[in-house]
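Chemist:
Protein chains: 2
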Amino acid sequence: MDRLIETIEAKDNPSVVGLDPTQDLVPSQVFSETIELDEDDLATLVRQLEGFNNPQDERLLDLINAADSPEAKVKAASCAMDEMVPGAGIVDGFYAFNRAIIDAVKDVVPAVKPQIAMYEAYGSVGFDIYRLTCQYAQEQGLYVLGDIKRGDIGSTAAAYAKHLTGINSRGEDFNGQPWHEDGITVNPYFGTDGITPFTDAAKACDKDVFALVRTSNPSSKEVQELVLADGDKLYERVADLVEDWGADCVGKYGYSRLGAVVGATHPQQGKALRERMPHTFFLVPGYGAQGGTAYDAAQMFDGNKRGAIVNSSRGIIGAWKKSGEYKSDMIAEEALDLVGRSARAAAIAMRDDLKSALK
Amino acid sequence: MDRLIETIEAKDNPSVVGLDPTQDLVPSQVFSETIELDEDDLATLVRQLEGFNNPQDERLLDLINAADSPEAKVKAASCAMDEMVPGAGIVDGFYAFNRAIIDAVKDVVPAVKPQIAMYEAYGSVGFDIYRLTCQYAQEQGLYVLGDIKRGDIGSTAAAYAKHLTGINSRGEDFNGQPWHEDGITVNPYFGTDGITPFTDAAKACDKDVFALVRTSNPSSKEVQELVLADGDKLYERVADLVEDWGADCVGKYGYSRLGAVVGATHPQQGKALRERMPHTFFLVPGYGAQGGTAYDAAQMFDGNKRGAIVNSSRGIIGAWKKSGEYKSDMIAEEALDLVGRSARAAAIAMRDDLKSALK
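Here the protein sequences line up with chains Y and E, keeping their order.
Using this note's numbering, read the first sequence as starting at 1 and increasing by one per residue.
Using this note's numbering, read the second sequence as starting at 360 and increasing by one per residue.
#1: Measure the C-alpha to C-alpha separation of residue 3 of chain Y and residue 346 of chain Y and round it to an integer number of angstroms.
#2: Tell me whether residue 592 of chain E sits in a helix, a strand or coil according to DSSP, three-state version.
#3: Buried or exposed for residue 176 of chain Y, please, with buried defined as at least 16 other CB atoms from any protein chain shown within 10 angstroms of its CB.
#4: Do you know how far the Cα of residue 145 of chain Y is from the Cα of residue 393 of chain E?
#5: Could you compute how far the alpha carbon of residue 121 of chain Y sits from the alpha carbon of residue 92 of chain Y?
#6: What residue does the beta strand (DSSP E) around residue 228 of chain Y start on, and which one ends it?
#7: Looking at chain E, which residues of the segment 209 to 226 of chain Y have a Cβ within less than 8 Å of any of its Cβ atoms?
#8: Give me whichever residues DSSP pairs with residue 214 of chain Y in a beta bridge.
#9: How big is the Cα-Cα spacing for residue 561 of chain E and residue 605 of chain E?
#10: Along chain Y, which residues have their Cβ under 8 Å away from the Cβ of residue 597 of chain E?
#11: My output table needs one value for residue 150 of chain Y: the three-state DSSP class, helix, strand or coil.
#12: Using CA atoms only, rank isn't needed, just tell me which of E:650, E:659 and E:596 is closest to residue 627 of chain E.
#13: With DSSP collapsed to three states, give me the class of residue 353 of chain E.
#14: Residue 373 of chain E: buried (16+ other C-beta within 10 angstroms of its C-beta) or exposed?
#15: Distance check for residue 523 of chain E and residue 367 of chain E, CA to CA, integer angstroms please.
#16: Per DSSP, which residues does residue 184 of chain Y bridge with? Please list them.
#17: Between residue 287 of chain Y and chain E, is any beta-carbon pair separated by less than 7 Å?
#18: Counting Cβ pairs closer than 8 Å, one from the segment 378 to 390 of chain E and one from the segment 314 to 321 of chain Y, do we hit at least three?
#19: When you check each C-beta in the segment 478 to 489 of chain E against every C-beta of chain Y, which residues fall closer than 8 Å?
#20: What number of angstroms, rounded off, separates the C-alpha of residue 131 of chain Y from the C-alpha of residue 219 of chain Y?
#21: Extract the residue ranges of the alpha helix (DSSP H) inside the segment 593 to 678 of chain E, only unbroken runs of 4 or more that lie entirely within it.
#22: Since I believe residue 623 of chain E is in contact with residue 645 of chain E (beta carbons under 8 Å), could you give me their beta-carbon distance rounded to a whole number of angstroms?
#23: Less than 7 Å separating the beta-carbons of residue 568 of chain E and residue 558 of chain E?
#24: Using a beta-carbon distance below 7 Å, is residue 552 of chain E in contact with chain Y?
#25: Look at the alpha carbon of residue 453 of chain E and the alpha carbon of residue 543 of chain E, and state the distance between them as a whole number of angstroms.
#26: Is DSSP giving residue 556 of chain E helix, strand or coil here?
#27: Closest to residue 386 of chain E by CA distance: which of E:716, E:685 and E:714 is it?
#28: Using the beta-carbon count (16 or more within 10 Å), is residue 690 of chain E buried or exposed?
#29: Compile a chain-ordered list of the residues in the segment 540 to 551 of chain E whose CB is closer than 7 Å to at least one CB of chain Y.
#30: Going by beta carbon distance, what residues of the same chain come within less than 7 Å of residue 602 of chain E, once the five residues before and after it are set aside?
#31: For chain Y, find out if any of its Cβ atoms is closer than 7 Å to the Cβ of residue 690 of chain E; answer yes or no.
#32: Decide if the segment 498 to 514 of chain E is in contact with the segment 97 to 107 of chain Y; the criterion is three or more beta carbon pairs, one per stretch, under 8 Å apart.
#33: Indicate, with yes or no, if the ligand ATP has a heavy atom lying under 6 Å from the CB of residue 484 of chain E.
#34: Am I right that residue 473 of chain E and residue 493 of chain E are in contact with their C-beta atoms under 8 Å? What's the rounded C-beta distance?
#35: Going by DSSP, which residues form a beta bridge with residue 374 of chain E?
#36: My understanding is that residue 105 of chain Y touches residue 344 of chain Y, with C-beta atoms under 8 Å, so please give their C-beta distance in whole angstroms.
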């Protein structure tokens, strides 16, 4: 966790911007045209596909060749491409949107937290845009926290842990940069053997993992607040497991590579967890749109104003909608400029809000 | 769950084959060559890239153009492609391997369960192969259970639920076939609002969801067997929640669209859960390689020999390694023929093993 802590102190700002784009958070003029092929495009496409050699391209070629008229071939190609790159026009818009946000906040915040679900919803092309977003953010000097919430039995968790250690075309370790994530979130329901592959991967490539402990959503109490025979609540026992799982990888600031997700919507529980988990760094979602305040989030910090980083997603990336400056006849560049300016102002306001709450 | 139950009865076989390929489960001659570019390839590649228009291709073009000698351009392109399609040669091998398995077992088993982590480990190209595997299995008449174990707060769970409902380039519903999954697995740690988006999606497109209750791995007891104040164990309370969450989507065979994952490695707990969850269909992992027997798995079935489907992964897809017939000088086709024959024999043996245990 040392790299994250140092990045936070360099920016003097313990907050992270969640990059969770949805269609209604992105100005419509930012989305590129969807795929529309004519017969010339088709000829070019066929030449390109013949130059490649993978199952997806061969499948598309077969579909085109099976069609019995030029019109049918164009239709087959358009439908097949729409299936093969679902939402390509949308995720291209997400990438332009994310870059505008990153460029506008990179000197204000230490980190960004892309939510992989928002990209995964669009299939493998969405996965590409997720990775490119992480890579662009890293190139701008930001710590990238991949919010992937993976978890499974040991052998499968080891495969998910490639998010950190990576792999290349020869099956070798790929220098820890396949998705350009510096840290990821994981689910603790499987116990030790579902977590060890992630912490081992983090140790191997100087990265971090954050396990869910007390999530910010309303229903979370149905499971996480179940009272155990000894009076503890489930999330408190999970907290003890997380503190224990990270005990062998505590860094120079006293925090381990295994952090915990603790929602700002539970300030008193978070304050108690801060005491209970002295070597566990907190990722604190739920500030802003979900109702958590800076004072609530401040409960998750230690006496040195360290030990936590607070996330805001919609409050930052959707700030342009509340600016009153948006006009539907703006061109994409004007809309993205407004998105960036609004996000920057919101990120600065959040930083100052947190700093005064931590005084 | 009606479609799954009818597919099981049509094949008279309550088992599912887990498609969890790893490099050591696939004969080495099946893997295609990794990317090696010469200057002619580079010229072709540049022409192809110029014909496209997406951030990833533009990024690759920029990298090539920035290099200052032909050798440097080839090196830049090779490195960039290796980063952009990590493990492409490996996952192409996985796809050939999966098709050999599917072709060999499609008349024996009703379903396959691809484990997305094994593909996701290779980035977006792995995601393509996961989807193509699901699509090929559906085309062969198999029910496809996507083992994705996703879970998050409501708004994010809704994005993950696109695995079932899908999306197209216009952001519209994509006929429920983006990943060609008929069902998916999810994690219950978030409570009701983390599950409802998945069950709503399943209802909208006649698909199914399986929530983790009692997983097959050794450490799972650390969390799942925690004793609650009223004497119940955590997994029993989660079981009650799952039975309740599925109450409004019970099908004609008495089972809801929300199933439960219950490991064959816990036969007595599974037997008790079968009583406790009368409307919940079970996905039972842990048979074979993980130690669960047919008798153990049989505890998860109801009086009509219904109510569960048993998974085996390594025991079927890795059966070729125990055949004694493999030779390192086999060509890929010979190795894949052995993989298929061995998988088919293992799938038939598992079916008969389960049927005699259910007698």
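In this text, a Cβ means the ideal position worked out from N, Cα and C, and glycines have one as well.
Modeler: Walking through what the data contain:
#1: 25 Å
#2: Correct three-state label for residue 592 of chain E: strand.
#3: Because residue 176 of chain Y sits at a pLDDT of 42, beneath the cut-off of 50, its placement in the model cannot be relied upon, and the point is left open.
#4: Below a pLDDT of 50, predicted positions are generally treated as unreliable, and residue 393 of chain E, at 47, falls in that range; the measurement from the model is reported next regardless. Our two residues, residue 393 of chain E and residue 145 of chain Y, have alpha carbons roughly 30 Å apart in a direct line.
#5: 14 Å
#6: Segment: none, residue 228 of chain Y is in no beta strand (DSSP E) and carries neither H nor E.
#7: Result list: 212, 215, 216, 217, 218, 219, 220, 221, 222, 223, 224 and 226.
#8: Residue 214 of chain Y is bridged by DSSP to Y:262.
#9: 11 Å
#10: 223
#11: strand
#12: Residue 627 of chain E has its Cα closest to that of E:659, out of E:650, E:659 and E:596.
#13: Lying outside 360 to 718, the shown extent of chain E, residue 353 of chain E is not represented and no answer is given.
#14: buried
#15: Taking the straight line joining both Cα atoms gives about 21 Å.
#16: Y:146 and Y:209
#17: no
#18: no
#19: 479, 480, 481, 482, 483, 484, 486, 487 and 488
#20: 31 Å
#21: Every alpha helix (DSSP H) stretch that sits fully inside the segment 593 to 678 of chain E and reaches 4 residues is listed by chain position as 593 to 604, 626 to 635, 653 to 657 and 673 to 676.
#22: 4 Å
#23: Yes, the pair counts as a contact, with Cβ atoms nearer than the cut-off.
#24: yes
#25: Straight-line Cα distance between these residues: approximately 21 Å.
#26: helix
#27: E:685
#28: exposed
#29: 546, 547, 548, 549, 550 and 551
#30: 636, 638 and 639
#31: No, residue 690 of chain E lies away from the interface with chain Y (no Cβ there is under 7 Å from its Cβ).
#32: Segments in contact, no.
#33: The ligand content of the structure shown is nil, which means the ligand ATP is not present either.
#34: Sure, about 6 Å apart at Cβ, within 8 Å.
#35: E:669
#36: Contact between residue 105 of chain Y and residue 344 of chain Y holds, since their C-beta atoms are separated by about 6 Å, short of 8 Å.
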